[in-house]
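**Student:**
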Amino acid sequence: MIKLSTHEQKILDLIKDNPEILTDPIIRKQVANQYGMTEKTLRNRIGDLKRYGLIDNKGVKDEIDEFSETNMQKNLFILWRKRRFVAKNVVIVAVASVIIAFLLPKWYSSEATILSSGAGRFNILSSISPIPISDFGLSSISEDINTFIAILNSRSVKEYIVKKFDLINRYDEKDLEFAMVAFEDKMELEVTEEGTLKISVIDKKPEIAKAIVAELLTKLDSVNQQLGMDKGRFNREFLEQRLNETKTDLALAEIRLKNFQEKTGIIDIVSQISAQYEAYGQIYIQEMQAYGQLYNQEMIAYTELYTLKAQTEIQLNVSKVTLNPNNPAVNRYEIMLNEQEKQLDLITSSLDKQLLNIILGLEKIEGKNLINELEYLPTMINFDSFPELGMENARLIRELTIQNTLLELLLPQYETARLEESKNIPTLQVIDEPKVAINKIKPIRSLIVIASVIMAFLLSIVYIYLDYYSVDFRKQLKTI
28 MIKLSTHEQK ILDLIKDNPE ILTDPIIRKQ VANQYGMTEK TLRNRIGDLK
78 RYGLIDNKGV KDEIDEFSET NMQKNLFILW RKRRFVAKNV VIVAVASVII
128 AFLLPKWYSS EATILSSGAG RFNILSSISP IPISDFGLSS ISEDINTFIA
178 ILNSRSVKEY IVKKFDLINR YDEKDLEFAM VAFEDKMELE VTEEGTLKIS
228 VIDKKPEIAK AIVAELLTKL DSVNQQLGMD KGRFNREFLE QRLNETKTDL
278 ALAEIRLKNF QEKTGIIDIV SQISAQYEAY GQIYIQEMQA YGQLYNQEMI
328 AYTELYTLKA QTEIQLNVSK VTLNPNNPAV NRYEIMLNEQ EKQLDLITSS
378 LDKQLLNIIL GLEKIEGKNL INELEYLPTM INFDSFPELG MENARLIREL
428 TIQNTLLELL LPQYETARLE ESKNIPTLQV IDEPKVAINK IKPIRSLIVI
478 ASVIMAFLLS IVYIYLDYYS VDFRKQLKTI
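Each residue of the sequence shown is one higher than the one before, starting from 28 at the first, in our numbering.
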């Protein structure tokens, strides 16, 4: 209940005793004079009590007492008593919102869906590595989509679109910077779960929206092609430099082996030693063939591992340039390279050990009084100088084999890089072409009207309760 002052309670009691004063000014004047008041004062107090909802033209409202038992009942009663006020506000706001919704300009959206074609993006890491690049989190699809988004959000593309379609005047902005911000608000990029990219632009004219999306696709493809060609040129230059170095190293290895063969007469030391042992007897030749096979197997393993190490070096160098230094792929390539170098050291030691086994085996044969038999054989390798010559011959052949393998690896990759550098083909696939929209995307008139009606209803309720519960506070303000 409202807390009434003593004077207001006195007036309320007067009305209970003399309800006629509410409608009859003569009786009201008589009662006012009887209680030492003017008719105007009594009339004003009666008006206050009516505004508080305590009385009407029929007299004091008994419903106040009936509904004052709980706050919930009282609040519902207050709201029910002001239902016409709420309804009037809701109707006015609803009509106004409908008018405003129909006056707001219509906006249309045009949308295109694209997918990377993978063309023009030569990936040297995947082309030379037997290890799937996706295992390192380097998915080519996600990388291409991220590149598309970065290009579309770049300043150069937005500035190009703003100038081409005169968006400064179209959006009524004061300069290029504000126009680019406005265009950014009207362009939406969405990556779907399937890995496609949706590009949508809204405009008041559906034809302009379609034209902007189409121009964005053209500009995106152009910039992406240029980036792919630049990357292809970098890969080609890198592989070309590495290929020239390999050719030089191969030529030097051939010259060193040729000079060694001319000087010592050793062509294939393992075959020549095997031939010598064949002269000594079948038992010894079988033993040395076993050593030779084991040595050849170790040599093959060494060559393959060295080739993998060379691939890893190329992958590491490329990833350091094309990827972020903190990328997990860079760290993994470094770990792979260190491990391969350790394995190469182990195989090298094993090769030297196998060669020493062959050498020691020959020294044992030499000690079996077979020297006289050597006099009747063709010119053979001198056993005194065999350890040093054998090691040198093996290393020269190994170096030549390695350089040949590297050349075979790099040459096709170099040709591929040259081809990618000169490519000028589309780098994206357009799944959904931009179309001229038939229906507007906004304003959503029903949503505007519904939201306005709900807001009007809530604000009316707030006003009713604030007005009712702030009566005492307002009375205190009047007394100040």
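Beta carbons: idealized from backbone N, C-alpha and C, even for Gly.
Evaluate residue 138 with the Cβ neighbour count: other Cβ atoms within 10 Å of its Cβ, from every protein chain shown; 16 or more gives buried, anything less gives exposed.
**Tutor:** Answer is buried; the Cβ neighbour count reaches 16.
**Student:** Taking the straight line between their C-alpha atoms, what separation do you get for residue 248 and residue 255?
**Tutor:** Taking the straight line from one Cα to the other gives about 10 angstroms.
**Student:** Kindly indicate which three-state DSSP category residue 139 falls into: helix, strand or coil?
**Tutor:** Note: residue 139 maps to strand in three-state DSSP.
**Student:** One question on the structure: do residue 520 and residue 421 come within less than 8 angstroms of each other, judged by their Cβ atoms?
**Tutor:** This structure cannot settle anything about residue 520, because the visible part of the chain is limited to 28 through 507.
**Student:** Quick one, which of 470, 342, 380 and 357 has its alpha-carbon nearest residue 437's?
**Tutor:** The shortest Cα separation from residue 437 among 470, 342, 380 and 357 belongs to 342.
**Student:** Does the beta carbon of residue 341 sit closer than 8 angstroms to a beta carbon anywhere in chain D?
**Tutor:** Absent here is chain D; the protein component of the structure consists of one chain.
**Student:** Strictly by DSSP, which residues pair up with residue 228?
**Tutor:** DSSP lists 137 and 214 as partners of residue 228.
**Student:** Just to confirm before moving on: does the CB-CB distance between residue 224 and residue 172 stay below 8 angstroms?
**Tutor:** Their beta carbons are under 8 angstroms apart, which means residue 224 touches residue 172 by this criterion.
**Student:** Which whole-angstrom value is the C-beta distance of residue 339 and residue 363, which I expect to be below 8 angstroms?
**Tutor:** So it is a contact: roughly 5 angstroms between Cβ atoms.
**Student:** For residue 350, which of helix, strand or coil comes out of DSSP?
**Tutor:** Here residue 350 sits in coil by DSSP.
**Student:** To the nearest whole angstrom, what separates the beta carbons of residue 49 and residue 59, a pair I think is in contact under 8 angstroms?
**Tutor:** Going by Cβ atoms, the distance from residue 49 to residue 59 rounds to 13 angstroms, so no, they are not a contact pair.
**Student:** Comparing alpha-carbon positions, which option in 113, 487, 345 and 183 lies nearest residue 268?
**Tutor:** Of the candidates 113, 487, 345 and 183, the one whose C-alpha sits nearest the C-alpha of residue 268 is 345.
**Student:** Spatial neighbours of residue 462 within its chain, please: CB distance less than 7 angstroms, with the 5 preceding and 5 following residues excluded, ordered by chain position.
**Tutor:** Cβ neighbours of residue 462 beyond the five flanking positions: 137 and 237.
**Student:** Less than 8 angstroms between C-beta atoms, sequence neighbours within five positions excluded: which residues of the same chain meet that for residue 240?
**Tutor:** Here the set comprises 137, 138, 139, 226, 227, 228 and 461.
**Student:** How would you label residue 337, buried or exposed, when you count the other beta carbons within 10 angstroms and need 16 or more for buried?
**Tutor:** Label assigned to residue 337: buried.
**Student:** For the candidate residues 131, 457 and 493, whose alpha-carbon lies nearest to that of residue 476?
**Tutor:** Cα-wise, what sits closest to residue 476 is 131.
**Student:** Does the stretch 115 to 131 touch the stretch 473 to 488, meaning 3 or more C-beta pairs lie closer than 8 angstroms?
**Tutor:** Yes: the two stretches touch, three or more of their Cβ pairs being nearer than 8 angstroms.
**Student:** Could you pull out every residue in the same chain whose Cβ sits closer than 6 angstroms to the Cβ of residue 433, ignoring the five residues on either side in sequence?
**Tutor:** Cβ within range, chain order: 273 and 337.
**Student:** Closer than 8 angstroms by C-beta to residue 370: which residues in its own chain qualify, once you throw out the five before and the five after it? Chain order, please.
**Tutor:** For residue 370, where only same-chain residues beyond five positions count, the Cβ hits under 8 angstroms are 332.
**Student:** Kindly indicate which residue of 442, 424 and 481 has the alpha-carbon position closest to the one of residue 116.
**Tutor:** Here the closest residue by C-alpha is 481.
**Student:** Which word fits residue 496, buried or exposed, when buried means at least 16 other C-beta atoms lie within 10 angstroms of its C-beta?
**Tutor:** Its Cβ having fewer than 16 others within 10 Å, residue 496 is exposed.
**Student:** Kindly indicate which residue of 494, 483, 464 and 479 has the alpha-carbon position closest to the one of residue 230.
**Tutor:** Nearest C-alpha to residue 230: 464.
**Student:** Could you please give me the residues that DSSP links to residue 457 through a beta bridge?
**Tutor:** Beta-bridge pairing links residue 457 to 141.
**Student:** For the alpha helix (DSSP H) containing residue 492, name the first residue and the last one.
**Tutor:** Element bounds for residue 492: 472 to 496.
**Student:** I'd like to confirm the pairing. Which residues does DSSP put opposite residue 469 in its beta bridges?
**Tutor:** BP columns for residue 469 point to 134.
**Student:** Taking the continuous alpha helix (DSSP H) assigned at residue 54, which residues delimit it?
**Tutor:** It spans 52 to 61 - the alpha helix (DSSP H) in which residue 54 sits, taken as one unbroken run.
**Student:** With C-beta atoms as the reference, is residue 107 less than 8 angstroms away from residue 468?
**Tutor:** No; because the gap between Cβ atoms is not below 8 angstroms, this pair is not in contact.
**Student:** Let me know the secondary structure DSSP gives residue 192 once reduced to three states.
**Tutor:** Here residue 192 sits in coil by DSSP.
**Student:** Is residue 363 helix, strand or coil when you go by DSSP?
**Tutor:** Of the three classes helix, strand and coil, the one that applies to residue 363 here is helix, per DSSP.
**Student:** Take the Cβ of residue 17 as the centre, count every other Cβ of all protein chains shown within 10 Å, and call the residue buried at 16 or more, exposed below.
**Tutor:** Only positions 28 to 507 of the chain appear in this structure, which leaves residue 17 out of reach.
**Student:** Round the Cβ separation of residue 216 and residue 176 to the nearest angstrom and send it over; I've been treating them as touching at under 8 angstroms.
**Tutor:** Indeed they touch by this definition, with Cβ atoms about 6 angstroms apart.
**Student:** Quick one: residues in its chain with C-beta nearer than 7 angstroms to the C-beta of residue 47, no 5 flanking neighbours on either side, listed in chain order?
**Tutor:** So the qualifying residues of the chain are 54.
**Student:** Identify which residue in 142, 244, 284 and 109 has its Cα closest to the Cα of residue 187.
**Tutor:** Considering only alpha carbons, the answer is 244.
**Student:** Using a 10 Å radius around the Cβ and a threshold of 16 neighbouring Cβ atoms, would you call residue 206 buried or exposed?
**Tutor:** Buried, because 16 or more other Cβ atoms sit within 10 Å of the Cβ of residue 206.
**Student:** Any idea what DSSP makes of residue 463, helix, strand or coil?
**Tutor:** Residue state, collapsed to three classes: coil.
**Student:** Nearest to residue 278 by CA position, among 431, 246 and 359, is which residue?
**Tutor:** Closest option to residue 278, Cα to Cα, is 431.
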